[in-house]
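Its first residue numbered 4, the sequence shown is counted upward by one per residue in my numbering. Every residue, glycine too, gets a C-beta built ideally from N, C-alpha and C. Presented below is the structure to which this report refers.
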Amino acid sequence: MPLTCQTLVQTHPAVWEKATTHPFLNGCRSGTLQPAQFNTWLVQDFLFVKAFTRMVGRVLAAAPDDHIDVLLAGLGALKDELLWFEAKASERSLNLSTPLQSTCQRYCEFMASLAIAPYPVQATALWAIEYAYNQGWQRPGPMPAPYSEFADRWGNPGFTDYVRLLAAQADAALATASPSVDAEAEAAFLRVADLEAAFWQMAFASGEVRG
Ligand code: HMH
4 MPLTCQTLVQ
14 THPAVWEKAT
24 THPFLNGCRS
34 GTLQPAQFNT
44 WLVQDFLFVK
54 AFTRMVGRVL
64 AAAPDDHIDV
74 LLAGLGALKD
84 ELLWFEAKAS
94 ERSLNLSTPL
104 QSTCQRYCEF
114 MASLAIAPYP
124 VQATALWAIE
134 YAYNQGWQRP
144 GPMPAPYSEF
154 ADRWGNPGFT
164 DYVRLLAAQA
174 DAALATASPS
184 VDAEAEAAFL
194 RVADLEAAFW
204 QMAFASGEVR
214 G
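In structure tokens, the structure reads:
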């Protein structure tokens, strides 16, 4: 049986759960998150998305012809997203010219490292990165202001459809992949999951009120 995105989640439920649930997200839902925690996330995620956009550009460069449309649409949405992050940061008077925290740096380095990975591995990692936010922001349930806008960005039906298309493209690429490429794709999935959990923890811990 060929490896699929669904198999990856089913094989590693605990790892995926850790990647997509966190006190940070529950704190958005309950209103107990501190603004400093949220603002740390906002600035670091802007820096992440800039690096992620470059990664999607590289995935596009490696993609077969019939995958170009979906990736171009994704890049178009990322153009809007970067402008939206700038607007959100400006509303909160946040400085986006901030150094990357080490966890964000590690995630960006991982994305850069995918440049030399086979296309099925790149497509799997891209799907996992988007699916993590698609699920993570929806899992706690409806969020109050100001977080509802953030939850909706990654939880809206259009984004959910986009993530499904990314899964279908990754599955198509994996369908003809060798066992060693499958193993590399699985390792990339697990790496994304770890980095996602660490990213939430980075924001949650760095904005924490200390006594
Ligand atoms: C850390 N993972 C992180 N940030 C994002 N914006 C996404 C994924 C997008 O899906």
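Rounded to the nearest whole angstrom, the C-alpha separation of Gln138 and Gly158 is 7 Å.
Only residues of its own chain outside the window of five on either side were considered, and among them none has a CB closer than 6 Å to the CB of Glu20.
With a cutoff of 8 Å on beta-carbon distance, Ala206 and Phe27 are scored as near each other.
In this structure, Trp157 has its CB closer than 7 Å to one or more heavy atoms of the ligand HMH. CA-CA distance, Asn29 to Ala191, rounds to 26 Å. For Lys91 and Leu63, the gap between their C-alpha atoms comes out near 28 Å. Taking 8 Å as the upper bound for CB-CB distance, Leu50 and Leu103 are in contact here, some 5 Å apart.
Here DSSP, grouped into helix, strand and coil, assigns His70 to helix. Taken in chain order, the unbroken stretches of alpha helix (DSSP H) that lie wholly in the stretch 134 to 213 and span 4 residues or more are 151 to 158, 160 to 177, 182 to 209. In this structure, Leu168 lies away from Val59, with their beta-carbon atoms at least 8 Å apart. Counting only runs of 3 or more residues that sit fully inside the stretch 34 to 62, no beta strand (DSSP E) segment turns up.
Per DSSP, Met4 is not a residue of any alpha helix (DSSP H), being assigned neither H nor E.
With respect to the C-alpha of Ser105, the residue from Val184, Lys82, Ala201, Phe88 having the closest C-alpha is Ala201.
With respect to Ala176, Pro123 sits close: the two C-beta atoms are nearer than 8 Å.
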